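Heads up: the structure comes next, in structure tokens.
2 protein chains.
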Amino acid sequence: MLSQFKWMSMPQKQVKLIDIANKLNVSIGLVSIVLSGKSKERRISDELAAKVIETAKALGYRPNQLARGLRTGKSGIIGLLVADISNPFFGKMARYIENEAAKLEYQVMFGSSDENPEKLENLVNMFASRQVDGMIIVPVFQSESFLLSLQEQSIPFVFIDRYCEGVDEDAVVSDNYLGSYQLTSLLIKKGYGKIAAFANDLHLSNIKDRMHGYTTALKDSGLNYPVEDFIFEVDFDQLDTRLEAMLKQALENGCDAFFFANNKLGISSLKYFDKVGLTIPEDIGIVCFDNPEAFQVAKPGITCVEQPIELMCAKAINILSRKIEGKTESKPERISLPGKLIVRESC
Amino acid sequence: MLSQFKWMSMPQKQVKLIDIANKLNVSIGLVSIVLSGKSKERRISDELAAKVIETAKALGYRPNQLARGLRTGKSGIIGLLVADISNPFFGKMARYIENEAAKLEYQVMFGSSDENPEKLENLVNMFASRQVDGMIIVPVFQSESFLLSLQEQSIPFVFIDRYCEGVDEDAVVSDNYLGSYQLTSLLIKKGYGKIAAFANDLHLSNIKDRMHGYTTALKDSGLNYPVEDFIFEVDFDQLDTRLEAMLKQALENGCDAFFFANNKLGISSLKYFDKVGLTIPEDIGIVCFDNPEAFQVAKPGITCVEQPIELMCAKAINILSRKIEGKTESKPERISLPGKLIVRESC
DNA sequence: ATTATTTGCTCAAACGTTTTACTAGAAAAT
DNA sequence: ATTTTCTAGTAAAACGTTTGAGCAAATAAT
Chain G
0 MLSQFKWMSM
10 PQKQVKLIDI
20 ANKLNVSIGL
30 VSIVLSGKSK
40 ERRISDELAA
50 KVIETAKALG
60 YRPNQLARGL
70 RTGKSGIIGL
80 LVADISNPFF
90 GKMARYIENE
100 AAKLEYQVMF
110 GSSDENPEKL
120 ENLVNMFASR
130 QVDGMIIVPV
140 FQSESFLLSL
150 QEQSIPFVFI
160 DRYCEGVDED
170 AVVSDNYLGS
180 YQLTSLLIKK
190 GYGKIAAFAN
200 DLHLSNIKDR
210 MHGYTTALKD
220 SGLNYPVEDF
230 IFEVDFDQLD
240 TRLEAMLKQA
250 LENGCDAFFF
260 ANNKLGISSL
270 KYFDKVGLTI
280 PEDIGIVCFD
290 NPEAFQVAKP
300 GITCVEQPIE
310 LMCAKAINIL
320 SRKIEGKTES
330 KPERISLPGK
340 LIVRESC
Chain X
0 MLSQFKWMSM
10 PQKQVKLIDI
20 ANKLNVSIGL
30 VSIVLSGKSK
40 ERRISDELAA
50 KVIETAKALG
60 YRPNQLARGL
70 RTGKSGIIGL
80 LVADISNPFF
90 GKMARYIENE
100 AAKLEYQVMF
110 GSSDENPEKL
120 ENLVNMFASR
130 QVDGMIIVPV
140 FQSESFLLSL
150 QEQSIPFVFI
160 DRYCEGVDED
170 AVVSDNYLGS
180 YQLTSLLIKK
190 GYGKIAAFAN
200 DLHLSNIKDR
210 MHGYTTALKD
220 SGLNYPVEDF
230 IFEVDFDQLD
240 TRLEAMLKQA
250 LENGCDAFFF
260 ANNKLGISSL
270 KYFDKVGLTI
280 PEDIGIVCFD
290 NPEAFQVAKP
300 GITCVEQPIE
310 LMCAKAINIL
320 SRKIEGKTES
330 KPERISLPGK
340 LIVRESC
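These protein sequence lines are chains G and X, in that order.
Those letters in the first sequence? Residues 0 to 346, by numbering that gives the first Met the number 0.
Those letters in the second sequence? Residues 0 to 346, by numbering that gives the first Met the number 0.
Below you can see the structure in the form of structure tokens.
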């Protein structure tokens, strides 16, 4: 029985312009003109154009975007460089970028840098090699020099989530200062006196701004303690090993409230507090940047600031597409969009 | 001041093979040979090869993958088609696919189908148009016919998360039957008598298998009630509007326990139960497929089955890469990998 | 000393498009 | 009747690679 070997059937070459051209005895260029929608301006007769379109459809023609891209110099691809696509925050970002890009007929390639400048560099180079029309980049610590060199090359990009100190490029971020100020102020208003702040990497612009909001809120409230004793830095890759020790340390320092600079820190800490039997908000108060689903089902719910991810992505794609089209009329701008304060029961 | 207009500086054309060739007064082909690592087999002298590599580095050469791909017929890209990249389950999948693909020097493009067959078809066509070397596809309801036609074309793909009934292709899924059987059995063992099942789309193979595990566990325990009255189907896009009504209905039907077929249903329902003041596990028992972070911080923690996503992705890439290399020796296989039962306090 | 082989490189076609320049014939203007 | 303009199309170069075929010089074999 042949049917047994059905999975061995095969090839069926891709149909290309020349196949259509041959079938209709016209030139290959004509087919190209018609199929790229230039029939009018190149005054191809309507009947012939119709015939071309028809046979293209009949034959199942699909343009080869590699060839097209090579010829036109546009790949129709946007590169998205996040820290880690499996982090729900970046997952959402990817989705909105995908949506916005699709509106402009772009497709998205992504890469996860893991906050590692070398990985970022490799990925950016790969993307450039693939002739992406532009990139949306979450910059990482110590990537300035490379990103500066990237600026010299003719490929447009915009930062998202964070900006990069030494690199004067467009950036779209949420208002990290404001959100953190609000969260910290809320803790203070609720009567918590010694508030610890936990962050993953104090070098990143978004984290810096969040810490700035935190410290300023403290100062504005007249709370004066050696702030540096209350700011804890713990890398994501040390989360399992170092976080608990630091939380314990903070508690020993007399902290009765916690400000977490992002969802991963908040979630991991929540597990710890549960383990050691601290009750929220009685024993300790908690607030956090980001609004993952976990904060909604946690008991009590966690007060937080939700970032305007969709808006950020729309803005970013908007700016990027203008840059791609060469409308580089204006100086790079840093757009900072306010998030939404969500008050729950954790403080 | 010129520095004011720094952002207006520009172009710096991409350097290509011919630039290197000219600089060294050698042929363009030679440069290509050296840079693609074929110096030995094409016996280029070591010193010249070294010089080529050196100047390539000095000039910052980056191969144009569009041109390369056009010539070689390989793009080095794998397409990943998920239902929604912002769903943490698929986010993790994307990450592991990215990792595994990177090992084989592939890059990943993704697309979200939203469980919509037309979107899926469009995305697949776009990917094919971009000459992806292969695809990893989460098939959706009513995409059989299109996927069958895709089989006819020479582009290899493998299913992940679900298989597609009428389409005989390789698939890597988690053991949905087993996991669901375990979860349901656990509920029964704990003494819950009337167990409702909630699913998003009863047509999908993974959901079918989960329901099968659920019903079989019931039957094996001698529990006999009109199962169809206890299976609720609610689409993701109806989650906000219909879910609550169905949960209420289930409760009115006397259900004292719930089996949720995926994380989104579980999480949303959790919020509802909290709202109406039902306590878990006393009033009702709960189990769920998937292990999102929310289930770890929820109080009580939610008993669930964690899918072996990383392993699934490794397997999928493995199979796909073999297909890409044309080693299509064997009949398509369906690989089903067992997940991990995580018992918490929700039942 | 001739022939055969190896070494180290060059040539040019090809991949599938897009697009500029051109042309043959028809229609319009002189 | 000749020139001009328009119409509807063709031809061919170009995009940046890879690669099979070829070739001259050097080395080895006879």
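Using N, Cα and C, we set each Cβ at its ideal position, and we do this for glycine too.
Being a predicted model, the structure only gives us computed values, none of them experimental.
The Cβ of X:S85 sits closer than 8 Å to at least one Cβ of chain G. Looking at the DSSP output, G:R333 shares a beta bridge with G:A170. Boundaries of the alpha helix (DSSP H) harbouring G:T71: Q64 to T71, taken from the DSSP string. X:I283 carries a coil assignment under DSSP once its states are collapsed to helix, strand and coil.
Exclusion of the five residues before and after G:L277 leaves I283 as the residues of its chain whose Cβ lies within less than 7 Å of its Cβ. Residue state for G:F235 is assigned as helix, using DSSP reduced to three classes.
Counting along the chain, G:L103 sits inside no alpha helix (DSSP H), nor does DSSP assign it H or E at all. Under the DSSP definition of a beta bridge, G:T302 partners with G:V286. For X:K339, the uninterrupted beta strand (DSSP E) run begins and ends at K339 to I341, by DSSP. For X:N175, the closest Cβ of chain G is not nearer than 8 Å. Residue contact with chain G for X:E151: present (Cβ-Cβ distance below 8 Å to some residue of chain G). Chain X has no Cβ within less than 8 Å of the Cβ of G:G338. Following the DSSP letters along the chain, one finds G:A55 inside the alpha helix (DSSP H) bounded by residues D45 to L58. In the assembly as shown, X:I136 is a buried residue. Its beta-carbon has 16 or more other beta-carbons within 10 Å. Taking C-alpha positions only, X:I323 is separated from G:Y60 by approximately 22 Å.
Put simply, of G:F258, G:G90 and G:I52 the residue whose alpha carbon is nearest the alpha carbon of G:F197 is G:F258. Relative to the Cα of G:S74, the nearest Cα in the group X:K188, X:S128, X:D289 and X:K326 belongs to X:S128. With the rule of 3 Cβ pairs closer than 8 Å, the region 327-344 of chain G counts as touching the region 168-175 of chain G.
X:Q141 counts as exposed, since fewer than 16 other beta carbons sit within 10 angstroms of its beta carbon. Between the region 217-225 of chain G and the region 282-301 of chain G there are fewer than three C-beta pairs closer than 8 Å, too few to call the two in contact. Neighbourhood of X:K270 in chain G, by CB distance below 9 Å: Q295 and V296, in chain order.
For X:S111, a Cβ of chain G is located within less than 8 Å of the residue's own Cβ. Close to chain X, meaning a Cβ-Cβ distance shorter than 7 Å, are the following residues of the region 55-72 of chain G: R61, P62, N63, Q64, L65, A66, G68 and L69.
Among the residues of the region 23-44 of chain X, none has a Cβ less than 8 Å away from any Cβ of chain G. X:A256 and X:K188 have their C-alpha atoms some 12 Å from each other. By the Cβ criterion, the region 87-97 of chain G is not in contact with the region 113-122 of chain G, since fewer than three pairs of Cβ atoms, one from each stretch, lie closer than 8 Å.
Per DSSP, the unbroken beta strand (DSSP E) holding G:I136 starts and ends at G133 to I136. Between the alpha carbons of X:N205 and X:Q306 lies a distance of about 12 Å. A contact between stretches requires three or more CB pairs, one per stretch, nearer than 8 Å, and the region 212-219 of chain X fails this requirement with the region 238-249 of chain X. Annotation: G:I154 is outside any alpha helix (DSSP H) and is labelled neither H nor E by DSSP.
Counting only Cβ-Cβ distances below 8 Å, G:K91 has contacts in chain X at S85, in chain order.
Any Cβ of chain X closer than 8 Å to the Cβ of G:E292 would place that residue at the interface, and such an atom is present. Within the DSSP bridge table, the entry for X:M108 names G:M108 and X:G78 as partners.
For a Cβ distance threshold of 7 Å, residue set R61 of chain X lies close to G:A127, ordered along the chain. Annotation: the continuous alpha helix (DSSP H) that includes G:A216 extends over S204 to D219. Scanning its chain for C-beta atoms nearer than 7 Å, with the 5 sequence neighbours on each side dropped, one finds around G:I43 the residues L29, I32 and V33, in chain order.
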